[in-house]
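Mapping to the working numbering: the sequence shown position 93 is 121, numbers consecutive.
Yeah, the Cβ is synthetic: ideal placement off N, Cα and C, and Gly gets one too.
The structure displayed is predicted, hence computed values, not measured ones.
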Amino acid sequence: RVMWRTWCSATGGPYRSPQWDGPVIWDQPTSIRLEGGTAINNLDVYPNPSKELFNVTFTSEVKQNIELRVVNLLGEILFKENLEEYEGEYSTSFNLIEYSKGIYILELDSKNGLLNKKIVLQ
29 RVMWRTWCSA
39 TGGPYRSPQW
49 DGPVIWDQPT
59 SIRLEGGTAI
69 NNLDVYPNPS
79 KELFNVTFTS
89 EVKQNIELRV
99 VNLLGEILFK
109 ENLEEYEGEY
119 STSFNLIEYS
129 KGIYILELDS
139 KNGLLNKKIV
149 LQ
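Next up, the structure:
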């Protein structure tokens, strides 16, 4: 749920609206179902943001080949793990302390699609 106020006028001068606008309400899915019934559920990355260590957990409902990657915004791969014919609960950790503060992308790639999650290194 988000509520906001307008802080500038259309003419460019300072302005603050007398009332709150909104609310805006949205839901974020915790699972994705890819083509062919392939599913990755309960993807979680924590702590996020973090200063160095990230933990990743998810569940694969069916046997599938999954490539887990962490990439920077230039597309350079910083961490990669291949899971062959993987089914069940998965958990791993990776350390990004040697990299610059910023935004990185966690990718779960299977033959039927790509799942992305933003991670923040402080």
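By alpha-carbon distance to Glu112, the top candidate from Glu104, Leu102, Ile94 and Tyr118 is Ile94.
In this structure, the CA atom of Lys129 is about 14 Å from the CA atom of Leu106.
The beta carbons of Ile147 and Asn70 sit about 17 Å from each other, so the pair does not count as a contact at 8 Å. For the set Gln150, Gly116, Lys139 and Lys108, the Cα lying nearest the Cα of Ile125 is the one of Gln150. Note: Asn110 is bridge-paired with Glu95 in the DSSP secondary-structure output. Counting the other Cβ atoms within 10 Å of the Cβ of Val98 gives 16 or more, which makes it buried.
As DSSP reads the structure, Asn76 sits in no beta bridge.
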